[in-house]
Structure formats: structure tokens, C-alpha cells
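Colleague: Residue numbers (this note's numbering): 25 to 336.
Note that the Cβ used here is the ideal one computed from N, Cα and C, for glycine as well.
(1) Whole alpha helix (DSSP H) runs in the region 127 to 198 with 4 or more residues, listed along the chain?
(2) According to DSSP, simplified to helix, strand and coil, what is residue 81?
(3) From the DSSP secondary-structure annotation, give me the bridge partner or partners of residue 291.
(4) Whole angstroms are fine: how far does the CA of residue 96 sit from the CA of residue 328?
(5) Please go through the same chain and pick out, in chain order, the residues whose beta-carbon is closer than 8 Å to the beta-carbon of residue 71, but skip the five residues on each side of it.
(6) Thinking C-beta only, is residue 224 closer than 8 Å to residue 140?
(7) Can you give the Cα-Cα distance for residue 36 and residue 99, rounded to whole angstroms?
(8) For residue 256 and residue 316, what's the separation of their Cα atoms in angstroms?
(9) Since residue 226 and residue 41 are thought to touch, with beta carbons under 8 Å apart, how far apart are those beta carbons, to the nearest angstrom?
(10) Quick one: any contact between the region 299 to 314 and the region 261 to 276, if contact means 3 or more CB pairs under 8 Å?
(11) My assumption, with CB atoms under 8 Å, is that residue 260 sits in contact with residue 323. Please give the rounded CB distance.
(12) When the distance is taken between beta carbons, is residue 92 closer than 8 Å to residue 282?
(13) What residue range does the alpha helix (DSSP H) around residue 114 cover?
(14) Measuring CA to CA, which of 145, 123, 137 and 216 is closest to residue 112?
(15) Candidates 29, 129 and 52: which alpha carbon is nearest residue 251's?
(16) Do the region 41 to 61 and the region 199 to 211 touch if we need at least three Cβ pairs shorter than 8 Å?
(17) Of all the alpha helix (DSSP H) runs that stay within the bounds of the region 215 to 268, which reach a length of 4 or more residues?
(18) Can you round the beta-carbon distance between residue 83 and residue 154 to whole angstroms, since I take them to be within the 8 Å contact cut?
(19) Work out the CA separation of residue 288 and residue 279 for me, nearest whole Å.
(20) So, using beta-carbon positions, are residue 44 and residue 232 closer together than 8 Å?
(21) Under 8 Å between the Cβ atoms of residue 201 and residue 79?
(22) Considering residue 64, what are the terminal residues of the alpha helix (DSSP H) in which it resides?
(23) To the nearest angstrom, how far is the alpha carbon of residue 270 from that of residue 293?
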């Protein structure tokens, strides 16, 4: 992996987040404007990144094996991350519910909004495709194990699982299905996907930046030790353990590179919304997202540098 390319991409992300923060400070996001930006990113830009990646990547038996492998690896790694976070939370004098919340924040990252565009920039169309499959694995863990942990009864709900069926997931299924039967859209359609896919990264970074002033204005009362545990687990412990495991099992280079980037992502933006929905600590979820996102601009290059040392 070109370290210079990574640092340049991170710097660009930081600048765009900064621009978004200035906009958010001067013009705070309303509920309607947040929903509009999310709709454009999730329902237009991200599906186009996925389809552009599929139609620009030759889908042969080796690629299909990689797709299946990274999906399983994503599920296993995210479950491992939850376990690591839970073990770490047990070192603090907290309730069982708070430990489960920390475990989720320690594992599940922003693999869609940040990870997918970053992998597309670093590894091209194939990297975008593998990153999208990894993100699908995160969704599976999020709406099954994580939701069960947040509920008092710990019950599995098919209603929650329906959330996995979204536009990006449909784009993966349609795109891979088309590629497997040998269908390729006309060149103008491919160009349209390519053009719209370029919206994802700047829009997602700007949206995250615009959220920061809103979160900070609320002045949440969350203790530093409570925040430091999931952030340390998410940005340092989990990624470095992942790098070690990927090297120990001699995983395919394409898969290991994308998986390492995805695991190094900050806590998922959806954390505060998810915690609010299931009556968990919404403030802790929001603040973990904010601070892990800011710190990730520094830790992602460091983790990847260490990961490259492990993987070689």
C-alpha cells in the first residue's frame, strides 16, 4: 500500500471535514437537511461506488472467492472486536449494560461513510467492491448481535434484520448478479456510475464535519475514562490485533489491505441513533463517534504503517 497516497487521502479528508465544520457552525444542520444529505450519500453515491467497482472489475472465480472470504472475515473480525471491547470494559466498574455499549463502540466502525470512499481512492474499483462487501458484514453484525446486546431481553428480531435490505446492499446483489451472467451496461451508464460515485467521499466527509458543531453544542456530560476505553480499543487495540491475525493466517493481500483499512475506521456514525433507538447512552455514542473520527485522521496512517510491517 502506498503510504504517501494514504496520507494524502487522509489530509484531503481532514480538510473537507474542516470545511464541513465551518459550514455546520455557521448554518447548523436541521433534521430535514441531515436526512437529505444522508439520502444522497446512502441511496445515490454509495450504490454508484459499488456498481462502478463491480463493472470495472473482472469478476472471475478468484474475485468471487475474495468476495466470499472478505464477507466472512468481516463478520468474524467485527464479532472479535465486540469481544475485545467487552473484555476491556470489564476492567472498569460499570454496569453490564454499559459494558455491552462499550463493546459495540469498540468494534463497529464507519466502514460505509469513510471506509468505502477511502478504499476506492487507495485501491481503485476492486478495493471499492471489497470494501462494500466488508461493510455488508458490518451491517449483519450491527443488526443482529449489536441490537441483541442493546436490548434488555437480548432477543433476536427479524424486524431489525430487515434494515440490512437497503439500497447499497441491493446494488451489491444486482451488480454481482449482472457480472456473473456476463451483462455489462452501456458505456454511458458506466460513466454515469463513475461520475456519481465521486460524490461519496466529499459529501460524507462534509456531512461528518457539519455534525461536529452540533454534537459539541450539546455539551454532553461523558467522563473521559468512559470515552477513552472504546476509542483506544477501536483505533489502536482492535486494528493492531487484526493486522497480526491477517499476517498469521497469510490472508490474500487484497483482502488484508482492505480489511485493515476498514477495521481502522472510527466508530460508526450511526452509534448515537442506534443507542437512542434502544434506550442506551446516546451521548456516549455521539461523543465516541466525534472524538474517534477526529483522532482517526492521525491513527489510520499509524495503524496502516504498523500493519504493513506485520503483513510483510
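Modeller: Taking the geometry as given:
(1) 140 to 165, 171 to 174 and 182 to 185
(2) coil
(3) 133
(4) 22 Å
(5) 191, 192, 194 and 195
(6) yes
(7) 30 Å
(8) 9 Å
(9) Actually they do not touch by this definition, with Cβ atoms about 10 Å apart.
(10) no
(11) 7 Å
(12) no
(13) Where residue 114 is concerned, there is no enclosing alpha helix (DSSP H), given that its DSSP letter is neither H nor E.
(14) 123
(15) 129
(16) no
(17) 224 to 241 and 248 to 256
(18) That pair is no contact at about 12 Å.
(19) 14 Å
(20) yes
(21) no
(22) 55 to 64
(23) 26 Å
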